[in-house]
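*Asks:*
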Amino acid sequence: MGGDCAESFKEFNPDNIGDTFRILHQMAVVLMFGGQMPVLRVGRMAGQFAKPRSNPFEEKNGVKLPIRGDAQPSPGVCRRWLCCHATCNPVEPRFHLAQRAGHQELAHRVDEALGFMAAAGLTILTTTEFWTSHECLLLPYEQALTREYSTSGLFYDCSAHFLWAGEHTRHLDGAHVEFLCGVANPLGVKVSDKMDPKELVKLIEVMNPQNNPGRITIITRMGAEKLRVKLPHLIRAVRGAVAHCCHFQFPRCDPRLNASQSLELAFIVAERLRKRRIAAKSFKPRRQLDPLPSL
1 MGGDCAESFK EFNPDNIGDT FRILHQMAVV LMFGGQMPVL RVGRMAGQFA
51 KPRSNPFEEK NGVKLPIRGD AQPSPGVCRR WLCCHATCNP VEPRFHLAQR
101 AGHQELAHRV DEALGFMAAA GLTILTTTEF WTSHECLLLP YEQALTREYS
151 TSGLFYDCSA HFLWAGEHTR HLDGAHVEFL CGVANPLGVK VSDKMDPKEL
201 VKLIEVMNPQ NNPGRITIIT RMGAEKLRVK LPHLIRAVRG AVAHCCHFQF
251 PRCDPRLNAS QSLELAFIVA ERLRKRRIAA KSFKPRRQLD PLPSL
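Residues in the sequence shown are numbered consecutively from 1, following the UniProt record's numbering.
1. Can you check whether the CB of Ile216 is closer than 7 Å to the CB of Lys190?
2. Alpha carbon to alpha carbon, how far is Ser192 from Asn61?
3. Bridge partners for Lys190 per DSSP, in chain order?
4. Going along the chain, which residues of its own chain have a beta-carbon closer than 7 Å to the beta-carbon of residue 303, five neighbours each way excluded?
5. For Glu135, which residues does DSSP report across the bridge?
6. Are Val30 and Ala266 closer than 7 Å when you measure CB to CB?
7. Have a look at Ala160 and Lys230 and give me their C-alpha separation to the nearest angstrom.
8. If we count Cβ pairs, one from each stretch, closer than 8 Å, do we get three or more for the stretch 164-179 versus the stretch 130-137?
9. Within the same chain, show all residues whose beta-carbon is closer than 6 Å to that of Glu92, passing over the 5 residues directly before and after it, in chain order.
10. By the 10 Å Cβ neighbour count, where 16 or more other Cβ atoms means buried, how is residue 299 classified, buried or exposed?
11. Could you tell me which of Met222, Phe179 and His25 sits nearest to Arg147, measuring between CA atoms?
12. In the DSSP assignment, find the beta strand (DSSP E) that holds Val177 and state where it starts and stops.
13. Within its chain, find whatever has a CB closer than 7 Å to the CB of Leu24; leave out the 5 residues flanking it on each side and keep chain order.
14. May I have the straight-line CA-CA distance separating Glu142 from Glu129, to the nearest angstrom?
15. Opposite Gly2 in the DSSP bridges: which residues?
16. Helix, strand or coil for Tyr156, going by three-state DSSP, please let me know.
17. From Asp157 to Trp131, what does the alpha carbon distance come to, in whole angstroms?
18. With DSSP collapsed to three states, give me the class of His20.
19. Measure the C-alpha to C-alpha separation of Asp19 and Gly188 and round it to an integer number of angstroms.
20. Give the C-beta separation of residue 298 and Leu273 to the nearest angstrom, bearing in mind that I take them to be a contact with Cβ-Cβ under 8 Å.
21. Would you list the one or two residues that DSSP bridges to Arg147?
22. Apply the 10 Å Cβ neighbour rule to Ala46 and answer buried if 16 or more other Cβ atoms are within range, or exposed otherwise.
23. Grab the span of the alpha helix (DSSP H) containing Ala241 for me, first residue to last.
24. How would you label Gln210, buried or exposed, when you count the other beta carbons within 10 angstroms and need 16 or more for buried?
25. Determine the direct distance from the alpha carbon of Val63 to that of Ala28, and round the result to whole angstroms.
26. When DSSP labels each residue in this structure, what does Arg252 get in the three-state scheme?
27. Can the beta-carbon of Pro197 be found less than 7 Å from the beta-carbon of Leu139?
See below:
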């Protein structure tokens, strides 16, 4: 998952959208090549025009107004929909992997693989899928874009593929959790070091009562030191109470803010995955010795 912490109407333009698409695709290609495993591309975009603020009010011309980003004022809701729709229009990004220092060999091998795919008529756009995500914050906006699927009778929030409840909106008795329980989208829950293990288990049970595999993603939001102390307790609590219903995402070094650093991170992770994969293939277990004959 990657994208801006908060989208803005001022910075909304095709170049920025194309850059985000391109860097996420580049990272995914590098990770797939190094790890030899599928990678989901989820953009934190096409809807992240609102987010909770530490100070929920802003003062302008002597008037104190509530604001949660560009989409919070009433006219901003319509503009948010237009920008989201424009973002989701097909974009044809150009893929050129940067030759990062220390990763030239891996980058060259990825370039060769992409060249082979192009020669074979297999392009990135025809072999990959891209998903969108944002925090479920402004409920009137989310409700307006919720539709019932005629075949299954399930309701989907069509504003994004993946929605999450944040630190300020994941209350068990809150309207945001109640809304998310009613849609069939895959859901995320952001947790910090303040999350109580019992509360997390209860939240998962409420949001995924049928225990559907992969329905819930736990997005950890805490520093490295707190992560070492708090995270094991959360994992043990979830594994002991609800099995196979969720997985944990660990954005320990949040790479969403800088494109060049994001691609550099992808190279580093891919290189480690490749070395681990090669080491696993070359490992030869010792031949089991025949048991000694009994006397």
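No residue lacks a Cβ here, since even glycine has one placed at the ideal position from N, Cα and C.
*Replies:* Let me lay it out:
1. Position 190 of the sequence shown, counted from the start, is the residue given in the question as residue 190. Position 216 of the sequence shown, counted from the start, is the residue given in the question as residue 216. No, they are not a contact pair.
2. Taking the first residue of the sequence shown as 1, we reach residue 192 at position 192. Taking the first residue of the sequence shown as 1, we reach residue 61 at position 61. Straight-line Cα distance between these residues: approximately 36 Å.
3. In the sequence shown, residue 190 corresponds to position 190, counting from 1. BP columns for Lys190 point to Ile219.
4. Residue coverage of the chain in this structure runs from 1 to 295, which leaves residue 303 outside it and unanswerable.
5. Position 135 of the sequence shown, counted from the first residue, corresponds to residue 135. In the DSSP assignment, the residues bridged to Glu135 are Trp164.
6. Position 30 of the sequence shown, counted from the start, is the residue given in the question as residue 30. Position 266 of the sequence shown, counted from the start, is the residue given in the question as residue 266. Closer than 7 Å, so yes.
7. For the purposes of this step, residue 160 is taken as residue 160 along the sequence shown, with counting starting at 1. For the purposes of this step, residue 230 is taken as residue 230 along the sequence shown, with counting starting at 1. The straight-line gap from Cα to Cα measures roughly 30 Å.
8. In short, these stretches touch, since the Cβ pair count reaches three.
9. By one-based count along the sequence shown, residue 92 stands at place 92. Below a pLDDT of 50, predicted positions are generally treated as unreliable, and Glu92, at 40, falls in that range; no measurement from the model is reported.
10. Since the first residue shown for the chain is 1 and the last is 295, residue 299 is missing from the structure and cannot be characterised.
11. Position 147 of the sequence shown, counted from the start, is the residue given in the question as residue 147. Measuring from the Cα of Arg147, the nearest candidate turns out to be Phe179.
12. What you label residue 177 is simply residue 177 of the sequence shown in a count that begins at 1. Taken as a continuous stretch (DSSP letters only), Val177 belongs to no beta strand (DSSP E), being part of the alpha helix (DSSP H) at Ala175 to Cys181.
13. Start at 1 with the first residue of the sequence shown, and residue 24 comes out as number 24. Closer than 7 Å at Cβ, skipping near neighbours: Gly2, Arg41 and Gly43.
14. Looking up residue 142 in the sequence shown gives position 142. Looking up residue 129 in the sequence shown gives position 129. When rounded, the distance between both Cα atoms is 23 Å.
15. Stepping through the sequence shown from its first residue, residue 2 is reached at position 2. Looking at the DSSP output, Gly2 sits in a beta bridge with Gly43.
16. Locating residue 156 in the sequence shown gives position 156, counting from the first residue. Correct three-state label for Tyr156: strand.
17. In the sequence shown, counting from the first residue as 1, residue 157 sits at position 157. In the sequence shown, counting from the first residue as 1, residue 131 sits at position 131. Pairing Asp157 with Trp131, the inter-Cα distance amounts to about 13 Å.
18. Residue numbering aside, residue 20 sits at position 20 when the sequence shown is read from its first letter. Reading off the sequence, residue 20 comes out as Thr, not His. The answer is helix: DSSP assigns Thr20 an H, G or I state.
19. The residue labelled residue 19 in the question sits at position 19 within the sequence shown. The residue labelled residue 188 in the question sits at position 188 within the sequence shown. When rounded, the distance between both Cα atoms is 25 Å.
20. Coverage of the chain is limited to positions 1 through 295, which leaves residue 298 absent and any answer about it impossible.
21. For this step, residue 147 is matched to residue 147 along the sequence shown. Its beta-bridge partners are Tyr156.
22. Locating residue 46 in the sequence shown gives position 46, counting from the first residue. The residue is buried, with at least 16 neighbouring Cβ atoms inside 10 Å.
23. Numbered from its first residue, the sequence shown carries residue 241 at position 241. First-last of the alpha helix (DSSP H) with Ala241: Ala224 to Ala241.
24. The residue given as residue 210 occupies position 210 in the sequence shown. Burial state of Gln210 is exposed, judged by a 10 Å Cβ sphere holding fewer than 16 other Cβ atoms.
25. Looking up residue 28 in the sequence shown gives position 28. Looking up residue 63 in the sequence shown gives position 63. Distance from the CA of Ala28 to the CA of Val63, rounded to the nearest whole angstrom, comes to 46 Å.
26. Your numbering for residue 252 matches position 252 in the sequence shown. Only weak support is given to the placement of Arg252: the predicted model assigns it a pLDDT of 41, under 50, and the value that follows is read from those uncertain coordinates. It is coil, neither helix nor strand.
27. Working through the sequence shown from its first residue, we reach residue 197 at position 197. Working through the sequence shown from its first residue, we reach residue 139 at position 139. Result no, Cβ atoms of Pro197 and Leu139 do not sit closer than 7 Å.
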